[in-house]
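Heads up, the sequence shown is in our numbering, so the first residue is 7 and it goes up one at a time.
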Amino acid sequence: MTSRYLTILLVILFFTTSCGTKKRITSSTEDMKTPFEINDNHSATYEEAIAYYNLLSQKYNQIITVPFGLTDSGFPLHEVIIDKDMVFDPEVSKSSGKVILLVNNAIHPGEPCGVDASMMLARELLENKEWAELLDQTVIVIIPFYNISGGLNRGSYSRANQNGPEEYGFRGNAQNLDLNRDFIKADTRNAESFNRLFNKWDPDVFIDNHTSNGADYQYVITLIATQKDKLQKDISKYMTREMLPELYKEMKNDGYEMTPYVFSRGTPDEGIAGFLDLPRYSSGYAAMNHTISFMPETHMLKPFKDRVWSVFYFMENMLHHLNENYEEIIKVRNKGRKEYASAKEHDLSWTLDFDETDEIEFKGYEAGYKESKVTGQSRLYYDRDKPFTKKIPFYNTYNSTATIKKPKAYIIPQAYRKVIERLKWNNVVMERVESDTLIDVVQYKIDNYESRKSPYEGHYLHYNVEVTPVEKEMLIRKGDYIIYTGQGKDRYVIETLEPQAPDSFFAWNFMDGVLMSKEYFSSYVFEERAEELLKKDRSLRRAFEKKKDEDEAFSKDARAQLRFIYERSPHYEQQYMHYPILRIE
Ligand SMILES: [Zn+2]
Numbered sequence: 007m008t009s010r011y012l013t014i015l016l017v018i019l020f021f022t023t024s025c026g027t028k029k030r031i032t033s034s035t036e037d038m039k040t041p042f043e044i045n046d047n048h049s050a051t052y053e054e055a056i057a058y059y060n061l062l063s064q065k066y067n068q069i070i071t072v073p074f075g076l077t078d079s080g081f082p083l084h085e086v087i088i089d090k091d092m093v094f095d096p097e098v099s100k101s102s103g104k105v106i107l108l109v110n111n112a113i114h115p116g117e118p119c120g121v122d123a124s125m126m127l128a129r130e131l132l133e134n135k136e137w138a139e140l141l142d143q144t145v146i147v148i149i150p151f152y153n154i155s156g157g158l159n160r161g162s163y164s165r166a167n168q169n170g171p172e173e174y175g176f177r178g179n180a181q182n183l184d185l186n187r188d189f190i191k192a193d194t195r196n197a198e199s200f201n202r203l204f205n206k207w208d209p210d211v212f213i214d215n216h217t218s219n220g221a222d223y224q225y226v227i228t229l230i231a232t233q234k235d236k237l238q239k240d241i242s243k244y245m246t247r248e249m250l251p252e253l254y255k256e257m258k259n260d261g262y263e264m265t266p267y268v269f270s271r272g273t274p275d276e277g278i279a280g281f282l283d284l285p286r287y288s289s290g291y292a293a294m295n296h297t298i299s300f301m302p303e304t305h306m307l308k309p310f311k312d313r314v315w316s317v318f319y320f321m322e323n324m325l326h327h328l329n330e331n332y333e334e335i336i337k338v339r340n341k342g343r344k345e346y347a348s349a350k351e352h353d354l355s356w357t358l359d360f361d362e363t364d365e366i367e368f369k370g371y372e373a374g375y376k377e378s379k380v381t382g383q384s385r386l387y388y389d390r391d392k393p394f395t396k397k398i399p400f401y402n403t404y405n406s407t408a409t410i411k412k413p414k415a416y417i418i419p420q421a422y423r424k425v426i427e428r429l430k431w432n433n434v435v436m437e438r439v440e441s442d443t444l445i446d447v448v449q450y451k452i453d454n455y456e457s458r459k460s461p462y463e464g465h466y467l468h469y470n471v472e473v474t475p476v477e478k479e480m481l482i483r484k485g486d487y488i489i490y491t492g493q494g495k496d497r498y499v500i501e502t503l504e505p506q507a508p509d510s511f512f513a514w515n516f517m518d519g520v521l522m523s524k525e526y527f528s529s530y531v532f533e534e535r536a537e538e539l540l541k542k543d544r545s546l547r548r549a550f551e552k553k554k555d556e557d558e559a560f561s562k563d564a565r566a567q568l569r570f571i572y573e574r575s576p577h578y579e580q581q582y583m584h585y586p587i588l589r590i591e
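In structure tokens form, the structure reads like this:
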């Protein structure tokens with residue numbers, strides 16, 4: 007075939023596969039072009055992005071750009087709302103049966119494709135009559151620039167392996183924290199504002215735009231869908247059976263074929279694994295709220311221009327899907343949320359099942375090893391002249407590793423102000439105790455925990471937490487908080503308040519006070535008291551003798567023996583190693 011015929015054939019193929027009902031972007035007038043459209047290796051700065059949305063907001067009545075809460079940068083967070091009916095109110099939009107799509111950009115300002123793609127998308131939705139139909143049943147809320155302080159720290163070097171744009175922001179924010187680990191602990195004002203904004207809208211679908219690192223392969227865009235086995239099962243079924251197949255199909259039609267995010271231990275052809283997006287991550291936080299969530303990850307080695315367009319079309323395809331399936335999505339979310347609120351048991355943590363694999367078709371580049379000219383050692387390389395398409399294993403089944411029985415209520419002492427604050431940002435329904443009251447509760451005794459040896463995002467995160475529930479009667483103080491379960495926010499409540507959950511407030515060091523004893527005893531003074539206690543208490547004496555018989559080290563350790571008696575005496579403090587948040591069963 008001559009090259010001329012080939013070209014004609016390709017043009018025909020392009021139009022037959024990509025037109026269909028698809029809406030093509032209009033060529034915008036010069037003054038409405040985004041900075042990216044003027045120079046396709048330039049990503050809009052924070053100031054340029056806000057100025058552009060302000061310009062759109064002056065020109066069109068269907069969009070507003072408003073500050074929403076603070077960020078660590080000193081500048082406010084902005085929310086951009088595009089609503090065809092111009093009500094800009096979540097309650098009204100929800101009661102009229104619309105779905106809400108929330109889009110977050112520049113959480114990692116070095117990965118800014120979404121910043122530029124969202125600006126163009128907003129304009130098309132407003133300027134282009136055909137595109138405006140995409141908002142018939144959807145309100146779209148855009149966070150133009152989430153990590154503002156990171157975005158202001160602009161340069162060209164912090165993403166060593168990335169192909170453009172020419173300048174971009176830095177991952178860490180003004181506290182050098184990664185905002186995509188901050189959604190539960192909320193050390194930043196950004197996370198506080200996000201928690202509140204997210205709960206104001208309670209979006210049905212959430213997209214957080216990123217760029218990947220790692221292996222080389224043919225795809226411009228990869229996709230992290232929130233972990234299906236962690237999502238409520240009806241919502242998960244909808245996402246995996248209805249939404250994902252359509253998104254994959256439509257992206258392929260648009261010339262941006264996707265693959266699941268390439269999370270691999272070696273090269274991708276050895277297999278890739280589904281990502282466990284714990285609640286600390288944006289999509290995991292969204293899943294706690296029964297929101298279907300995605301992190302598109304564009305590929306860092308593909309030109310910036312292609313990456314931006316891939317994200318643009320991903321969001322457009324999502325709007326298409328929402329427009330056609332809004333009723334079903336709202337129904338399935340309501341059902342899922344109710345089901346979760348009425349369930350008796352809940353999973354807290356999950357682990358990847360390596361025995362369960364799916365096969366997916368993967369378009370990669372052959373990997374090889376050769377001698378490094380730098381180190382002289384063997385080095386990995388991907389050969390772009392040797393593309394392949396083959397089946398590879400996809401590990402995407404997660405099993406629960408800890409399940410708890412849901413209590414009737416939790417009691418939070420008012421002293422734990424940071425916990426209460428976060429629950430309030432998340433619209434958790436709470437009541438105050440009206441007077442000092444004795445209540446039968448279950449308190450966890452903390453038997454064991456491990457902590458990270460070096461700081462992780464500003465914390466010495468705890469893990470492998472083991473507890474024993476102890477029934478007791480305790481005095482609950484006037485003003486303490488009671489949270490009854492069975493509410494729409496159960497999942498957030500349980501996964502933050504149960505200490506064994508990987509992103510619980512306990513894990514994030516909110517209650518470290520109870521992990522250190524405050525009083526102690528002097529052995530020489532306690533000797534006589536210990537003797538007296540053993541004489542008076544026969545069961546204590548039996549336990550003590552048994553321990554000495556069975557534990558040789560103990561039998562030779564005088565201090566340990568006195569401590570054994572001390573810990574079982576009225577002198578021992580009740581706070582140490584006792585989890586302060588109580589359960590009412
Ligand atoms: Zn990222």
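Where a beta carbon is used, it is the ideal one built from N, C-alpha and C, also for glycine.
Residues that residue i bridges to, as DSSP identifies them
i    : result
E334 : None; E334 has no bridge partner.
T194 : According to DSSP, which records beta bridges pairwise, T194 is partnered with nothing at all.
F212 : L108, S299
G161 : Y174
Y450 : P475
L358 : Y404
Span of the beta strand (DSSP E) around residue i
i    : result
G370 : 364–377
K396 : 384–401
P73  : 69–76
P475 : 468–482
V145 : 144–149
T228 : 227–231
Residues near residue i by beta carbon distance below 8 Å, same chain, minus five either side
i    : result
L540 : L546, R547, F550, I571
Span of the alpha helix (DSSP H), counted from its first residue to its last, around residue i
i    : result
V499 : 496–503
W137 : 135–138
G290 : 288–294
Q420 : Note, Q420: premise wrong, no alpha helix (DSSP H); not H, not E.
R548 : 544–556
V98  : 96–101
Y59  : 52–65
E256 : 250–259
Y244 : 239–244
I571 : 564–573
P41  : 41–44
Contacts around residue i, its chain only, beta-carbon distance under 7 Å, and the 5 residues preceding and following it disregarded
i    : result
E85  : V72, F74, V147, I149, L203
I241 : H296, I298, V338, R339, G342
A55  : V121, M125, P150, F151
N433 : N205, K495
D389 : Y371, E372, G374
P475 : V448, Y450
Short Cβ contact (8 Å threshold) for residue i with residue j
i    : j    : result
K90  : Q68  : yes
G170 : N159 : no
I70  : N186 : no
S529 : R574 : no
G374 : Y387 : yes
V380 : A123 : no
E130 : H48  : no
E248 : L127 : no
F527 : H577 : yes
S155 : A180 : yes
Y490 : A536 : no
I336 : P209 : no
S316 : I230 : no
N319 : M245 : As written in the sequence, residue 319 is Tyr, which differs from the Asn given in the question. No, Cβ-Cβ distance for Y319 and M245 is not below 8 Å.
G485 : V439 : yes
Y487 : Q420 : yes
E469 : Q233 : The question names Glu, but residue 469 in the sequence shown is Tyr. No, the Cβ-Cβ distance between Y469 and Q233 is not below 8 Å.
D283 : T194 : no
L76  : S199 : yes
P302 : F189 : no
Chain-order list of residues whose beta-carbon lies under 6 Å from that of residue i (same chain, five-residue window excluded)
i    : result
L237 : A293
D353 : S406, T409
I213 : V109, F300
Distance cut-off 7 Å: residue i Cβ against heavy atoms of ligand 3
i    : result
H216 : Ligands present in the displayed structure are limited to ligand 1, and ligand 3 is not among them.
Just checking, does the stretch 495–504 make contact with the stretch 425–432 on the three C-beta pairs under 8 Å criterion?
yes
Looking at C-beta atoms only, is the number of pairs between the stretch 274–287 and the stretch 325–335 that lie closer than 8 Å three or more?
no
Does the contact criterion of 3 or more C-beta pairs under 8 Å hold for the stretch 434–450 versus the stretch 211–224?
no
Taking one C-beta from the stretch 353–363 and one from the stretch 258–268 each time, how about it: are there three or more such pairs within less than 8 Å?
no
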